[in-house]
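A.B. asks:
In my numbering, the protein residues as written are 704 to 1095.
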């Protein structure tokens, strides 16, 4: 008889964590009955995908509110609902993604003896520290109390593991790293044919892609690219693909400058546009494991990335640079692209990025565009199955 696994996540929208969760569930679905729930109502698109995989989605009764007592009541009701799901569907093991789901799943399963595997997808010190020192302090208390109670903690970057162990006091032997992996051949088949009108053959076409939010720092990217064009006197173009809360501000910055910057809305399949460009830029404040950077690498693009926490140094080095004890102080040429130093900035020019763009445009860099074994989905599938089916 098949065992029953419950996958729990904060939200089921269009983020990378949601899609990774569904991918992992699919890895083991031939051996396991898959149940999925979320702390908030799922998007119709992801709900359709869950049904396509033939997973069972179980809704949770939630109670949101702005007042403290209503929030506390909402948390208690979520824990109660999770306990009911565990009993009603005779769940054998739980796999949770993201912080609230991780903590609440651990609490709900503690007295039931159900093994729990939790997943961390971001550099938590940066994620919570960017909001306020108080929030970071509270996060350290809560995570430090509950995460050590999990049976396994998985993260997708060596930098995240380092942060969990050192900043949040999660035991080192409890944490394993499984980096994101990708269906390389499928990605390459989805590029189609895309041509930009009036393409200047003597210029570089740069691309950036992601949610238009503070985390991705597109305002700084726009200002830095404008400064680069002014200083280099080149006719290069920057394509930004994405939608989000900062869209109007980004549009205003683009219109106020003279550089050729085009903003495209969110694309279900951005690969044709990325593939038609010369180089991909990642300028985030922080990441977990930057999927879009890895996908651009698979598409054969030259990559230029900030050395933010975490992931870019692992991707661009092919996992030869996984030590986060010290930040880089100057531009580095790695196996798969250029890595420039991280600087904490807001809406301003990043001169490290400007220098990287100038150096890239003035030199004929030859990066590895063949050996992508460390990103191959086959290896990731094997690791996930081993942990979830035999170790947990």
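Just so it is clear, CB atoms sit at the ideal spot from N, CA and C, and this is done for glycine as well.
Everything numeric in this text was worked out from a predicted model, so none of it was measured.
Measure the alpha-carbon distance for residue 772 versus residue 779 and round it to whole angstroms.
C.D. replies: Per-residue confidence for residue 772 stands at a pLDDT of 46, beneath the threshold of 50, marking its modelled position as unreliable; the derived number appears in the next sentence. Cα-Cα distance, rounded: 11 Å.
A.B. asks: What is the DSSP secondary structure of residue 827, counted as helix, strand or coil?
C.D. replies: Three-state DSSP puts residue 827 in a helix.
A.B. asks: Tell me the DSSP bridge mates of residue 1040?
C.D. replies: For residue 1040, which the question treats as bridged, DSSP gives the partners 1006.
A.B. asks: Assuming residue 808 contacts residue 819 under a Cβ cut-off of 8 Å, what Cβ separation, rounded to an integer in Å, is found between them?
C.D. replies: Indeed, because the Cβ distance is near 6 Å, the residues count as touching under 8 Å.
A.B. asks: Please classify residue 1026 as buried or exposed, where buried requires at least 16 neighbouring CB atoms within 10 angstroms.
C.D. replies: The residue is exposed, with fewer than 16 neighbouring Cβ atoms inside 10 Å.
A.B. asks: With the cut-off set at 8 Å, would you say residue 1008 and residue 1034 are in Cβ contact?
C.D. replies: Not a contact, by the Cβ cut-off of 8 Å.
A.B. asks: Under the three-state reduction of DSSP, which class applies to residue 951: helix, strand or coil?
C.D. replies: Of the three classes helix, strand and coil, the one that applies to residue 951 here is helix, per DSSP.
A.B. asks: What are the start and end residues of the alpha helix (DSSP H) that includes residue 985?
C.D. replies: It is not in any alpha helix (DSSP H) - residue 985 instead sits in the beta strand (DSSP E) that spans 982–985.
A.B. asks: By a C-beta neighbour count over all protein chains shown, 10 Å radius and 16 as the cutoff for buried, is residue 834 buried or exposed?
C.D. replies: Looking at its Cβ environment, which holds fewer than 16 other Cβ atoms inside 10 Å, residue 834 is exposed.
A.B. asks: Which whole runs of the beta strand (DSSP E) in the stretch 835–887 are 3 residues long or more, in chain order?
C.D. replies: Runs found: 855–858, 878–880.
A.B. asks: I'd like the list of long-range same chain contacts for residue 1057, defined as Cβ closer than 8 Å, with 5 residues on each side in sequence excluded.
C.D. replies: Taken in chain order, the residues that qualify are 927, 930, 931, 934.
A.B. asks: Residue 995 by DSSP, collapsed to three states: which one?
C.D. replies: In the structure shown, residue 995 sits in a helix (DSSP, three-state: H, G or I).
A.B. asks: With distances taken from CA atoms, which of 1000, 922, 1054, 710 is nearest residue 1072?
C.D. replies: Nearest C-alpha to residue 1072: 1000.
A.B. asks: Thinking C-alpha only, which one of 988, 1036, 976 is nearest residue 1014?
C.D. replies: Of the candidates 988, 1036, 976, the one whose C-alpha sits nearest the C-alpha of residue 1014 is 988.
A.B. asks: Using C-beta distances below 8 Å, list every residue in its chain close to residue 980, excluding the 5 sequence neighbours before and after it, in chain order.
C.D. replies: Correct list, in chain order: 908, 909, 910, 942, 1004.
A.B. asks: Under a three-way DSSP split, which group does residue 1011 fall into?
C.D. replies: In this structure, residue 1011 counts as coil in the three-state DSSP scheme.
A.B. asks: First and last residue of the alpha helix (DSSP H) that includes residue 725?
C.D. replies: Taken as a continuous stretch (DSSP letters only), the alpha helix (DSSP H) holding residue 725 covers 719–731.
A.B. asks: Classify residue 1030 as helix, strand or coil using the three-state DSSP reduction.
C.D. replies: Three-state DSSP puts residue 1030 in coil, outside helix and strand.
A.B. asks: Would you say residue 992 lies against chain B (beta-carbon separation less than 8 Å)?
C.D. replies: In the structure shown, chain B does not exist; there is a single protein chain.
A.B. asks: Can you tell me whether residue 963 is helix, strand or coil according to DSSP?
C.D. replies: Three-state DSSP puts residue 963 in a strand.
A.B. asks: Roughly how many angstroms separate the alpha carbons of residue 959 and residue 1048, rounded to a whole number?
C.D. replies: Straight-line Cα distance between these residues: approximately 20 Å.
A.B. asks: So, are the CB atoms of residue 884 and residue 1011 less than 8 Å apart?
C.D. replies: Against a cut-off of 8 Å, the Cβ pair of residue 1011 and residue 884 comes out as no contact.
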